[in-house]
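In the numbering used here, the protein residues as written are 56 to 320.
Worksheet for the structure shown next.
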């Protein structure tokens, strides 16, 4: 397999940012421009799932929610979950989707999957706005620990970008990666304390959940926004270490593989 030899000079930070914003804008416009409900779909997805979870887990299974209204409890985790899952799902296919620009010219190709993640910011903030309304409806007032929410969002973004870089690069060479990712995301939802609290997990399986970075992230959002208390710091520390390690490994893998993308795609 030959390497792509016509590499251009490294682009400036301004050019990098402009290209990232252009691809992000193109992705957002393509997703919502001809949609009847537009950005409303970003709210509908977590809202519908919250309704189903409320019926199944709260009403039927009597799942504890720490004394908080279950819709608020579930929605606090569903918003970051859908940001993660939608970003990874579309990001895995991104290099194939944008094969025309990937094969015709050299540029920092991590911009392509990164734009997929950035395009989901608008979904996250739209869903977060609805969450604020739900908190007002249920008369749940955020306390000082709500200031930790941006920290957990930053962890969420870094973890999402890292995983998306890895899956998008591997999908170029092995097209089986995409269906595996889609199945894994479906299972991952139930292996993350989204519909239930981490405290409900038995000690036998708790180490598995501790090693899942999303456990600390969704529990962190809940602790800071719903319960107004400090997060589980050891859990957060483990999640941060795994997240940083994954990002570093994924970025290194991506940069080593990107020289072959144009030939394989």
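Every residue gets a Cβ at the ideal spot worked out from N, C-alpha and C, and that includes glycine.
Beta-carbon proximity list for residue i, same chain, < 7 Å, skipping 5 on both sides
i	result
residue 284	200, 278
residue 78	166, 167, 170
residue 154	320
residue 187	none
residue 112	118, 250, 251
residue 233	147, 148, 226
Coil, strand or helix - residue i by DSSP
i	result
residue 66	coil
residue 237	helix
residue 284	coil
residue 10	Outside the shown range of the chain, which is 56 to 320, sits residue 10, and nothing can be said about it.
residue 315	helix
residue 118	coil
residue 212	helix
residue 228	helix
residue 127	helix
residue 198	coil
residue 256	coil
residue 320	coil
residue 249	coil
residue 90	coil
residue 192	helix
residue 175	coil
residue 274	helix
residue 73	helix
residue 267	coil
residue 165	coil
residue 185	helix
residue 60	Because the pLDDT of residue 60 is 44, which lies under 50, any placement of that residue in the model is unreliable, and the number read from its coordinates should be weighed accordingly. Note: residue 60 maps to coil in three-state DSSP.
residue 148	coil
6 Å Cβ shell around residue i - same chain, five flanking residues per side excluded
i	result
residue 120	128
residue 137	100, 101
residue 256	264
residue 236	147, 222
residue 174	79, 82, 83
residue 59	Only weak support exists for where residue 59 lies, its pLDDT of 46 falling under 50; the coordinates are left without a value.
residue 108	129, 250
residue 294	268, 271
residue 126	105, 109
Nearest candidate by alpha-carbon position, reference residue i, set the options
i	options	result
residue 131	65, 87, 101, 225	101
residue 210	123, 168, 270	270
residue 316	307, 109, 95, 164	164
residue 197	75, 281, 70	281
residue 309	217, 230, 294	217
residue 189	134, 150, 118	134
residue 261	114, 286, 290, 273	290
residue 123	254, 112, 195	195
residue 300	104, 268, 286, 85	268
residue 224	89, 103, 307	307
residue 312	292, 126, 228, 233	228
Beta-carbon separation (whole angstroms), residue i vs residue j, contact threshold 8 Å
i	j	result
residue 191	residue 275	Actually they are not in contact, since the Cβ atoms of residue 191 and residue 275 sit about 22 Å apart, beyond 8 Å.
residue 142	residue 219	6 Å
residue 215	residue 92	In fact, because the Cβ distance is near 25 Å, the residues do not count as touching under 8 Å.
residue 240	residue 144	6 Å
residue 266	residue 297	7 Å
residue 226	residue 156	Actually they do not touch by this definition, with Cβ atoms about 17 Å apart.
residue 66	residue 162	7 Å
Chain-order list of residues whose beta-carbon lies under 8 Å from that of residue i (same chain, five-residue window excluded)
i	result
residue 94	87, 177, 178, 181
residue 273	131, 132, 135, 136, 247, 248, 249
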